[in-house]
Every structure is written in C-alpha cells, then in structure tokens.
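For the sequence shown, position 100 (counting from the first letter as 1) is numbered 100 according to full-length UniProt numbering, and the numbering increases by one without interruption.
By construction, the Cβ of each residue, glycine as well, lies at the ideal position given by its N, Cα and C atoms.
Here the structure comes first, spelled out in structure tokens, and everything after it is commentary.
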Amino acid sequence: MSADGRWIRPASTRRPVLTSAGVRPPGAAGPGAGPGGGGPSGRSGGEQPSPRGRRRRAAEPALRIPRPGLKPDLLPLLAVLLAQGALSFHLLGSNTAFVDEGTYIYAGYQEIANLAHGTPVATYETFFSGSPLIYPVVVALADMLGGLTTARLLSMAFMLSATVAVHLATRRLHGSLAAFCAAAAFAALGPTQFLGGLATYDSMALALLAWAGYLAVRLTTGGGYPSLVLSGLLLALAGCTKYAALLWVPVVCGVAVFAGAGGAPGAWVRWKRGLQLLLVFVAGVGVAALLAGERYVNGFNHTTLKRAPGHDAYSYVASEAAKWVGALVVLALVGAVVQLLAARRRGGAAWSEACLAAVLLTAGVLAPANQIRIHTWLSLQKHVDFGAWFSCIVVGALLARVVVLLKDRIHVTAGIVVAALVIGPLGWAGAAQGREMFGEWSNTESFVAALEPYVSKGTDRYLVENYNVPAYYLRESSNWQQWHDLVAVYRKDPATGKQQVGVPAIQAGIEAHEWKVVVLDFTQTGDTDRAIQPTLKNAGYKVVTVVKSGEHGRYTIYVAPGHEKKK
C-alpha cells in the first residue's frame, strides 16, 4: 500500500494511478526519449535522423497514458458485493408484497397492456411520485419472468450496481483503499440492504443517480463530453423515475464543480463543468415534461413539489433518520473537518477538495432535512440512502487516511482493525435494521387465499383497504376497475343526482349492495372502518372470515347478500 492509500502492485513505480490526459508522469520517457535524453535512440539534439528512420518512427504508436487498472481492486470489491447480495437475498422471501410493491408491479402490468393493446389504464401519473412508464413497466417485465422474487432480484441488481458506482467514483478521487472502504460502508447500511430486497422504484432511481454521480467524477478526471452528456441524461432519468431524486441534482452538479483538476474553488473551468452538466439535465427534463403532458406535471406538483405536510414531530423524523444513517453522517462530518484542516495547511487546490467534502456531507442530510420540513417520516428509510451514497465517499477517504496513518506509525494491522471496527458495527446494525424493516407490514398470504374465492372478472366491485396487494396477486382473475380503496370514494346518487363523497358515499353504496366484497383492516382508514361497520350489518353483509397476520394484521372479509364463492 502506498502513502496515499492506493493498492500497490509488485514492482510498482508508486506513481498515482490517475494521470491527466496528455500529461506524462514525472520522469516518464517521452516519444523518442532515449538513454541520452536528447532525442530518439539516444542521439544528441544536433544529430538529424535519416529519412528511413523518420518513416520507421512515424509508424510507431504514440505513448499511451496509463489508465487505472481494476484487477487489484476486483477481489475486495467482489467480497463487498457478495456480502451485500447475501444480506439482501436473505430478505427476498421473508415477507409477501409490500403495498408499494403491489402498486408499482400491478400498475406496470396495466401500462404494458395499454402500450401493447390500448386497453384502459388508471391515471397513475396523477398520484405516482414517479413516471408509471419507467420503473413500473420494467419491474412488471421482471415479474413476468418469475414473480415477486425476480422483481426483487432486479432491485438487488440495481443496488449492487450503486455499490460498484461508489467504488469507482471514490477510486478516481481518493484511490483504491478509500474506494473499498466507501463501498463497504454503503453496503453495510440497513437502508441499502432493505432497498436491495424491495421491488420499488427507489432502487432504480438510486442506481441511476449513483452512476450520474460517478460520471460527474469521471468528467473531472479526463472523461470529457461523453461523461458530461451521460451524467446529465442519467440524472434526468433518475428524476423522472422517482421525483424525490431531484433533491440531489445540485449535489451532482457540485461534484462536477469541485472534483478533479481545475485549480481553486472559484476557477471558471470548474463552474463551467457544473453549468454544462446542469444544462444537459435541464434539457433532458424539459423534453420529458413536454412529452409527458399536463397530468404528469400536476402529479409532480401534488406528490413532490407541493406535497401536503404531515403531522410527525421534528424530533421524531430526526431520530428515525439518525437511527438509519446517523453514524455514517457523523463519520462524514469528521472526514469533512479533516479535509478542511488539510486545506488550511496545504492551501491552493486543496480548498476544492474541502468544498467537495462539504457538498458530499450535505447530501447525507438533505433527505432528513426535507422531511423534517414537511413533518413526515413516510419513506424516509428509503430516501436517506440516496444521500448516504454521496457521504460514503467522504467516509471512505477518512478511513483510508486512518489506515495509512496507523500503518506508518504503528502497523498496517492496526489500521485494518480500526476500519473493521467502524464498518463491522455498521453492517451488524444494518442487517438487523433490514430484517426489522421487512417485517413492518403484515404477511398477506392467508388473506389473499381467503379472498380469492370471492373475486372474479366482470362487473362486481370490491372495496378493500390497501387493495393493491390483493389486486396484484389476483390480477389474472379480476380487472383493475373492480377494485377501490376506502380513501376518496365518490358516488353519484341515482335518485337525486347529487355527488356523495367519503363515508356517506361508502355507506350509500353498501346500502345499495354495490360493493360485493368489503375488506376492513382498521389501519390506514380506521375511523372510516368503524363508521361503516353498522351499515354493513344493517345492509345484510355477512362476515365470511377474519384472517389474522402477525401481531397487528387482521382482515375482516364481508360479502354482500347473495354473493357466493366463485370457485
């Protein structure tokens, strides 16, 4: 290992593995530099080569600039990926579909049918916090291959690719040792493992954001315009996949500004890169918005930009965020302070490195800060992982510094032990958190089996709280138009023509036996459930079964008079 924290191969020159395009490492022989140092083959500067010699040398290939080699890093990175994959794979079959999983996969099937055959589809774009034509379609295709397991395996692939991206980005900035530590820290997090086993659009959006971040780093280390364009387009695609990913657009632009070469933080060459990346992103999003239309814009405003605030206390949201990524953010803060002290000591371009560390640290607290602002912890356990990806770069650099420092002053074993004592507890806590998060919703296997005999394709209507999970499992024996939840129910009174909304609409529909099956679980709409129970009894609905699931899950299935089992 070198003093700068890079893995060193046998017989290495110990020169940094990253060099700017067109610049030779110090002391490297240039084209034609021979033992004499004065020209080709050691000739002195005044001796002219023969025409034949000139032709022979003109055919010789130009000196290749050394590029980073991945071979020394493959085994450590592979070990991280295997550990991460094993922890997420353990979660795949531990529970039935989460309501979000059922919603997105079921929507994807409808969108595919609409694209292929023009069949009607629900207006998901008005209330999804991401385009229903991107992740839902992709995950439905995966579900066709092997059900929920393959849909969740797709998420695992996305999260593993995000780990590869953080490794590559950190490697270009701080070397191989820091890259290994950053990848290990990211893989150890509970939200990372959780998203790797959950079939929601968070994993895809995070992977796209991660690769946009890597390409922004590559842009500053010799990547050129291809990296610029790809980074901006991936950033736009991430934002369209999940609107919340747009929160980290300034972070990726900040990476393009402060990473790599370019002199002081205020140098125009740095800010030019960031502005160019922002322009590509804006162009991509602008084209997408024009193609999408007004309903997508309204959905974006409703779910993201002008989202209604919740009722969770600031302290509760902050404590939940701290539970999932608090330790990582503290480590990133220490790393940013260390970088700041180094900048004060070295000056010059080191201030740009300090600014980059500050940007990456800020990324880690954006999700908690935003959700504290709107008083909700909903989906926070997923959103914090987006910012954690960036903060892991700072943590990796910090741990690499510690390992190298202890190697020089004590022994390399001491540095490895310290790094293990940091990442090990993160992984242990993360594995426990992943299992806990995967057990937060009720197992619906018994409930779906009990409901299935009363469901069939046709005109019968089913009023089911959080219906997307049973609708997903029973999609072959029902149509999406038959399902409705207990939120925002509207009904036109056939006698008076008046519009009925909410509980009165549900009660009137029950009295008219419009709902052939009603399922209550007293969770999301508990007040509504209790309000309509007497109406169900008075209208002659009978309880066919009560299905219990776990400690809190309880599904009460009512059927209308005359509605019998279909199977």
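Excluding the 5 residues flanking residue i on each side, which residues of the same chain have their C-beta closer than 8 Å to its C-beta?
| i | result |
| --- | --- |
| N443 | N95, T96, S549, G550 and G553 |
| Y541 | I510, V518, Y558, V559, A560 and P561 |
| K565 | P453 and Y454 |
| L277 | A216, L219, L228, S231, G232, L235, V252, C253 and A256 |
| I112 | V137, A140 and L141 |
| L474 | V448, L451, E452 and V455 |
| P120 | N114 and Q481 |
Only counting the same chain, and skipping five residues up and downstream in sequence, which positions put a Cβ closer than 6 Å to that of residue i?
| i | result |
| --- | --- |
| L215 | S227, L230 and S231 |
| V547 | S446, F447, A450 and Y555 |
| C355 | F258 and P265 |
| A327 | none |
| T170 | A178, A179, A182, I393 and G396 |
| G108 | P136, V137, V139 and A140 |
| S352 | F258 and P265 |
| H484 | L463 |
| V489 | A505 and I506 |
| V317 | Q371, I372 and W377 |
For the alpha helix (DSSP H) that residue i lies in, which residues bound it at each end?
| i | result |
| --- | --- |
| I557 | I557 -> not in any alpha helix (DSSP H); beta strand (DSSP E) instead, spanning G553 to V559. |
| I532 | G526 to N538 |
| R307 | No alpha helix (DSSP H) holds R307; DSSP gives it neither H nor E. |
| S176 | S176 to A188 |
| G364 | A350 to R373 |
| Y243 | Careful: Y243 lies outside any alpha helix (DSSP H) and carries neither H nor E. |
| G147 | Here G147 belongs to no alpha helix (DSSP H), and DSSP marks it neither H nor E. |
| E564 | Per DSSP, E564 belongs to no alpha helix (DSSP H) and is neither H nor E. |
| S315 | Y314 to R346 |
| A250 | It is worth fixing the name first, because residue 250 is Pro in this sequence and not Ala. Start and end: V249 to F258. |
| G286 | W268 to A292 |
Pick out whichever of the options has its Cα sitting closest to the Cα of residue i.
| i | options | result |
| --- | --- | --- |
| G348 | L328, L486 and G262 | G262 |
| A313 | I374, V384, Q84 and H302 | I374 |
| L209 | A199, F194 and V164 | V164 |
| C253 | Y243, K242, G175 and L234 | L234 |
| H513 | H563, H302, F158 and V455 | H563 |
| L486 | Q499, G497 and T525 | T525 |
| T220 | P368, A188 and A256 | A256 |
| T123 | A357, L133 and H117 | L133 |
| L378 | L189, A308, G396 and D493 | A308 |
| L275 | A289, W351, V285 and P250 | P250 |
| E440 | I423, L333, V80 and D100 | D100 |
| R401 | L75, R152, D143 and S176 | S176 |
| S315 | W351, Q371, K407 and A292 | Q371 |
| T496 | V489, L189, A508 and V317 | A508 |
| E465 | T303, I532 and S161 | I532 |
| I416 | G85, L399 and V359 | L399 |
| S88 | L195, G130 and A162 | L195 |
| L246 | L91, G387, A505 and I423 | G387 |
| N479 | G458, A420, M204 and T103 | G458 |
| T545 | D521, N538, H90 and L290 | D521 |
| G430 | G118, A188 and L168 | A188 |
| S319 | N301, L290, A350 and T376 | T376 |
| V501 | E476, T528, W248 and T523 | T528 |
| G364 | A332, R345, R344 and K272 | A332 |
| T200 | S155, L168 and M159 | S155 |
Checking the sheet assignment: what are the DSSP bridge partners for residue i?
| i | result |
| --- | --- |
| V519 | V464 and I557 |
| Q499 | K492 |
| T200 | DSSP lists no partner for T200. |
I'd like the span of the beta strand (DSSP E) that includes residue i, first residue to last.
| i | result |
| --- | --- |
| S549 | K542 to S549 |
If I measure Cβ to Cβ from residue i and keep anything under 7 Å in the same chain, skipping five residues before and after, which residues do I get?
| i | result |
| --- | --- |
| V166 | A182, A183, F186, A210, W389, C392 and I393 |
| D460 | Q482 and K516 |
| G299 | E125, T126, F127 and F128 |
| V384 | P191, A321, W324, V325, A367 and P368 |
| P76 | F180 |
| Q381 | P191, F194, W324 and M437 |
| V285 | A236 and G239 |
| V280 | L228, V229, G232 and L233 |
| residue 568 | This structure does not reach residue 568, given that the chain is present from 1 up to 567, and the question cannot be answered. |
| G85 | M156 and L160 |
Is there a Cβ from chain C that is less than 9 Å from the Cβ of residue i?
| i | result |
| --- | --- |
| M156 | You won't find chain C in this structure, because it holds only one protein chain. |
Which runs of the alpha helix (DSSP H) spanning at least 4 residues fall entirely within the segment 409–491, listed in chain order? 412–438, 445–451 and 468–473
Write down every uninterrupted run of the beta strand (DSSP E) in the segment 58–142 whose length is 3 residues or greater and which is fully enclosed by it, in chain order. Within the segment 58–142, no complete beta strand (DSSP E) segment of 3 residues or longer occurs.
For a minimum of 4 consecutive residues, which ranges assigned as the alpha helix (DSSP H) are wholly contained in the segment 201–239? 201–218
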